[in-house]
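Some notes on the structure that comes next.
There are 2 protein chains.
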Amino acid sequence: MSRNPSEAVTRAWIRLNRARDRVLGAIEHDLKAGGCPPLAWYDVLLELARSADGRLRPVEIEKVTLVAQYNLSRLLDRLEKEGLVARAPCEDDARGQWVVITEKGRATQARTWKVYAKAIQKHVGEKLDDKSAGTLAELLGRLTG
Amino acid sequence: MSRNPSEAVTRAWIRLNRARDRVLGAIEHDLKAGGCPPLAWYDVLLELARSADGRLRPVEIEKVTLVAQYNLSRLLDRLEKEGLVARAPCEDDARGQWVVITEKGRATQARTWKVYAKAIQKHVGEKLDDKSAGTLAELLGRLTG
DNA sequence: GTTCAATTCATGCAATTGCATGTAATTAGA
DNA sequence: TCTAATTACATGCAATTGCATGAATTGAAC
Numbered sequence: 075m076s077r078n079p080s081e082a083v084t085r086a087w088i089r090l091n092r093a094r095d096r097v098l099g100a101i102e103h104d105l106k107a108g109g110c111p112p113l114a115w116y117d118v119l120l121e122l123a124r125s126a127d128g129r130l131r132p133v134e135i136e137k138v139t140l141v142a143q144y145n146l147s148r149l150l151d152r153l154e155k156e157g158l159v160a161r162a163p164c165e166d167d168a169r170g171q172w173v174v175i176t177e178k179g180r181a182t183q184a185r186t187w188k189v190y191a192k193a194i195q196k197h198v199g200e201k202l203d204d205k206s207a208g209t210l211a212e213l214l215g216r217l218t219g
Numbered sequence: 075m076s077r078n079p080s081e082a083v084t085r086a087w088i089r090l091n092r093a094r095d096r097v098l099g100a101i102e103h104d105l106k107a108g109g110c111p112p113l114a115w116y117d118v119l120l121e122l123a124r125s126a127d128g129r130l131r132p133v134e135i136e137k138v139t140l141v142a143q144y145n146l147s148r149l150l151d152r153l154e155k156e157g158l159v160a161r162a163p164c165e166d167d168a169r170g171q172w173v174v175i176t177e178k179g180r181a182t183q184a185r186t187w188k189v190y191a192k193a194i195q196k197h198v199g200e201k202l203d204d205k206s207a208g209t210l211a212e213l214l215g216r217l218t219g
């Protein structure tokens with residue numbers, strides 16, 4: 075028989091939702107205003123850009139981005155359609171495939187980061203000093219661990 | 075010319091997203107397993123249940139829940155269809171309407187809370203003591219303020 | 001008291017998501 | 001090694017969301 079959550083725990087959860095919704099909304103707004111693709115696109119491009127050979131298996135992208143398999147499949151369709159990634163056959167495993175970032179994809183990632191970075195600073199950095207941000211990150215880390 | 079965000083700030087933002095996604099996913103999963111409606115339904119029912127006369131204007135619900143107007147309009151359609159709320163004309167303002175919670179709506183809210191509370195405790199409370207939860211809530215509060 | 005802007009809510013349509021399922025290939029087990 | 005379970009990815013379909021816009025009031029300026 076599990077206990078009910080304390081008032082403090084409940085409030086933390088409520089605020090986690092609120093904060094995320096508000097900040098994400100503001101950041102997505104800034105991205106759109108800057109002519110950038112949505113964050114979900116950026117997340118995939120970033121993972122690809124910093125991978126060893128600029129390529130990853132969909133199943134690897136899934137794990138880091140937390141996008142559901144069926145959503146990722148179609149997200150990759152869109153990225154491919156825009157020429158930001160290409161799909162290539164996977165030698166090791168014929169079930170799988172490589173998702174390769176293109177030059178255009180790298181350029182988009184880099185350009186988006188400029189806008190994204192400013193937005194993060196504006197909506198998070200200006201409201202928390204580094205020490206507080208560190209504490210926040212540590213506490214949030216305990217939730218995912 | 076705005077600065078770039080610090081490493082600490084960026085990490086806090088990344089973890090805010092991750093933590094929220096993971097915890098929300100886990101909680102929604104538990105709600106579904108318990109035969110409860112999704113959180114968006116619960117949020118509306120809760121606001122109605124604790125309002126003065128068990129009724130609110132859609133525009134008021136919008137402000138507290140952060141649901142977009144066009145989404146709320148259709149969310150209310152679904153709640154109404156399930157008999158959890160009813161719509162009534164608004165005397166003061168002929169443009170508006172009252173959204174009134176029904177008995178079934180109150181019962182659903184109460185039943186959902188039992189499952190929801192356990193899920194919050196499991197996915198948040200068991201990972202943070204009250205002091206940490208308080209700190210977390212305070213830090214998150216700075217982001218929305 | 002007219003007129004024009006702002007507010008409240010609804011809705012058509014396209015895009016995205018969730019769910020269930022399908023296909024193909026790999027791995028594990030008897 | 002043959003079979004069954006698992007893994008990787010795609011897709012049809014229904015539900016939800018985002019966006020643009022519409023319709024009806026209300027409020028404000030003059």
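First to last, the protein sequences are chains G and V.
So the first sequence is residues 75 to 219, counted in my numbering.
So the second sequence is residues 75 to 219, counted in my numbering.
The beta-carbon is built from N, C-alpha and C at its ideal position, and this holds for glycine as well.
The model shown is predicted, which means the values in this text are computed figures rather than measured ones.
At least 8 Å separates the beta-carbon of Thr176/V from that of Val198/V. Around the beta carbon of Gln183/G, a 10 Å sphere encloses 16 or more other beta carbons of the protein chains shown; the residue is thus reported as buried. For Ile175/G, DSSP records a beta bridge to Val159/G. A distance below 7 Å between beta-carbons, with the five flanking residues on each side excluded, links Val138/V to the following residues of its chain, in chain order: Glu121. Considering only beta carbons, the part of the stretch 178-210 of chain V lying closer than 7 Å to chain G consists of Ala191, Lys192, Ile194, Gln195, Lys196, Val198, Gly199, Lys201, Leu202, Asp204, Ser206, Ala207, Gly208, Thr209, Leu210, in chain order.
Here Arg129/G is near Trp172/G, since their CB atoms are less than 8 Å apart.
Tyr144/V sits exposed, since fewer than 16 C-beta atoms from the chains shown fall within 10 Å of its C-beta. Using a Cβ-Cβ cut-off of 9 Å, Asp166/G is close to nothing in chain V; its nearest Cβ partner there is about 29 Å away. Looking at the backbone, the Cα of Ile101/G and that of Tyr190/G are separated by about 7 Å.
Shown here for Leu119/G: same chain residues with a beta carbon closer than 7 Å to its own, the five before and five after excluded, namely Leu158, Ile175, Gly179, Thr182, Gln183 in chain order. The beta carbon of Ala162/G lies closer than 6 Å to those of Trp172, Val174 in the same chain, with the five residues before and after it left out.
Taking 8 Å as the threshold, the shortest C-beta distance from Arg124/G to chain V does not fall below it. Going by beta carbons, Val97/G and Ala207/V fall outside the 8 Å limit.
Distance from the CA of Asp204/G to the CA of Pro79/G, rounded to the nearest whole angstrom, comes to 30 Å. Here Asp117/V is buried: its Cβ has 16 or more other Cβ atoms, across all protein chains shown, within 10 Å.
At a Cβ-Cβ threshold of 8 Å, Thr209/V and Leu213/G count as neighbours. The residues Asp104, in chain order, have a CB closer than 8 Å to that of Lys192/V in the same chain once the five nearest residues on each side in sequence are set aside.
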